[in-house]
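Peer 1:
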Amino acid sequence: MDAGNFGFVVAGLIVGFIVGMTGVGGGSLMTPILLWFGINPATAVGTDLLYAAITKSGGVLVHGKNKNIDWSITGWLTLGSVPAVLLTLWFLASLHTDPSAMNAVIKQALGVVLLLTALAILFKKSLLAFAQRHAGDDYHMRPRNLNALTVVTGAILGTMVALTSIGAGALGTVALFILYPFLATRRLVGTEIAHAVPLTLVAGLGHASMGNMDWHLLGFLLMGSLPGIYFGSHMTGRIPDGVLRPCLAVMLMAVGYKLAF
Numbered sequence: 004m005d006a007g008n009f010g011f012v013v014a015g016l017i018v019g020f021i022v023g024m025t026g027v028g029g030g031s032l033m034t035p036i037l038l039w040f041g042i043n044p045a046t047a048v049g050t051d052l053l054y055a056a057i058t059k060s061g062g063v064l065v066h067g068k069n070k071n072i073d074w075s076i077t078g079w080l081t082l083g084s085v086p087a088v089l090l091t092l093w094f095l096a097s098l099h100t101d102p103s104a105m106n107a108v109i110k111q112a113l114g115v116v117l118l119l120t121a122l123a124i125l126f127k128k129s130l131l132a133f134a135q136r137h138a139g140d141d142y143h144m145r146p147r148n149l150n151a152l153t154v155v156t157g158a159i160l161g162t163m164v165a166l167t168s169i170g171a172g173a174l175g176t177v178a179l180f181i182l183y184p185f186l187a188t189r190r191l192v193g194t195e196i197a198h199a200v201p202l203t204l205v206a207g208l209g210h211a212s213m214g215n216m217d218w219h220l221l222g223f224l225l226m227g228s229l230p231g232i233y234f235g236s237h238m239t240g241r242i243p244d245g246v247l248r249p250c251l252a253v254m255l256m257a258v259g260y261k262l263a264f
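The sequence shown begins at 4 in this note's numbering and counts up by one.
(1) Does DSSP put ASP51 in a helix, a strand or coil?
(2) Between LEU113 and chain C, is the shortest Cβ-Cβ distance under 8 angstroms, so that the two count as touching?
(3) Return the chain-ordered list of same chain residues with a C-beta closer than 6 angstroms to the C-beta of LYS59, the five sequence neighbours on each side being excluded.
(4) Between ILE169 and THR203, how many whole angstroms is the CB-CB distance? I'm expecting something under 8 angstroms.
(5) For ASP141 and TRP74, what's the separation of their Cα atoms in angstroms?
(6) Of all the beta strand (DSSP E) runs that stay within the bounds of the segment 63 to 144, which reach a length of 3 or more residues?
(7) Which whole runs of the beta strand (DSSP E) in the segment 191 to 222 are 3 residues long or more, in chain order?
(8) What is the residue span of the alpha helix (DSSP H) that PRO146 lies within?
(9) May I ask you to verify whether the segment 114 to 132 touches the segment 158 to 173, counting CB pairs closer than 8 angstroms and requiring at least 3?
(10) Measuring alpha carbon to alpha carbon, tell me which of LEU32, LEU125, GLY209, GLY193 ends up nearest ILE72.
(11) Among MET216, CYS250, LYS68, ALA158, which residue has its Cα nearest to the Cα of GLY54?
(12) Rounded to the nearest angstrom, how far is the Cβ of ALA14 from that of GLY227, given a contact under 8 angstroms?
(13) Just to confirm, are PHE11 and PHE223 a CB contact at a threshold of 8 angstroms?
(14) If you measure from the CB of ASN71, is any heavy atom of the ligand NAD nearer than 7 angstroms?
(15) Among the residues of its own chain, which have a CB less than 8 angstroms from the CB of LEU225, if the five just before and after it don't count?
(16) Which of helix, strand or coil does DSSP assign to PHE234?
(17) With 16 other CB atoms within 10 Å as the buried threshold, where does PHE180 fall?
(18) Please tell me whether GLY214 and LEU92 are closer than 8 angstroms, where the distance is taken between their beta carbons.
(19) Report the residue from VAL177, THR81, MET256 whose alpha carbon sits nearest the alpha carbon of ALA206.
(20) At the level of alpha carbons, what is the spacing between PRO249 and LEU37?
(21) Relative to the C-alpha of LEU191, which candidate in LEU220, VAL253, GLY62 has its C-alpha closest?
(22) Whose CA, out of VAL253, SER212, ALA178, lies closest to the CA of THR77?
(23) Taking only three categories from DSSP, how would you classify GLY61?
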């Protein structure tokens, strides 16, 4: 194994460890790292999408076994996200004859979504507290309107994920909590992961069909991330959340600003 490939294994190990310890979406960490390694933006996004689909599949099995998934909400989200992914991939395919244009669109979108993710991580507790505080208000959304809003949320997440591989984690969790403040946290997390797997799988396969995929790179990332997630999950709570999240948010904000501007 040469030094470059070893670096990808180490990157997978570090990202997997952080994801296992904090639950922060791997895409918001892995895609910028791949760009830092000099990987083409489109290839970085496509590879990271399948990486996410594979690593989160295990989470679906565990959450499904523990009945932590609301399959109805997952279905409404998927109804919006998968068509949005297909439309976004069609748009990217139309730019495929001009790789520089496609990479410019992906980098710009990546920067904006990273900034939004950083804000979601930084203000997550405040947003969740606000949602819980107003969960008992007199205003109650009708089920049909709530389902429609869930589909729209899925469409927005699908567009972001197909463009950048980021959004299903931090942003998706916050959006679900605001829409469903009475949903238990464990079911909220399980539902978000269950939705992320088909979303990232469809988007990843779409990118692969356009040639935006490096299978060897994917293998090296998984080689590091799978043990990283295992060990990271056993370190949960060892480092205060109030220290980790602001550090991650500042890092993502700096990278996002650089890409967007």
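Just so you know, even glycine gets a beta-carbon here, dropped at the ideal spot from N, CA and C. Owing to the predicted nature of the structure, the values given are computational and were not obtained by experimental measurement.
Peer 2: Result, derived from the coordinates:
(1) helix
(2) Reference to chain C is not applicable here, since this structure consists of a single protein chain.
(3) ILE196, ALA199, VAL200
(4) Rounded, the Cβ-Cβ distance is 10 angstroms, inconsistent with contact.
(5) Summary for ASP141: the model assigns pLDDT 48, below 50, so the residue's position carries little reliability; its value from the coordinates is reported in the next sentence. Their Cα atoms are separated by approximately 27 angstroms.
(6) none
(7) none
(8) 146 to 167
(9) At 8 angstroms Cβ cutoff, the stretches touch.
(10) Ranking the options by Cα distance to ILE72, first place goes to GLY193.
(11) Just to set this straight, residue 54 is Tyr in the shown sequence, not Gly. Measuring from the Cα of TYR54, the nearest candidate turns out to be MET216.
(12) 7 angstroms
(13) Yes.
(14) Of the ligands one can find in the structure shown there are none, so the ligand NAD has no counterpart to examine.
(15) GLY15, TYR54, ILE57, THR58
(16) helix
(17) The residue in question, PHE180, is buried, as its Cβ has 16 or more Cβ neighbours within 10 Å.
(18) no
(19) THR81
(20) Computed Cα separation, rounded: 22 angstroms.
(21) GLY62
(22) ALA178
(23) Reduced to three states, the DSSP call for GLY61 is helix.
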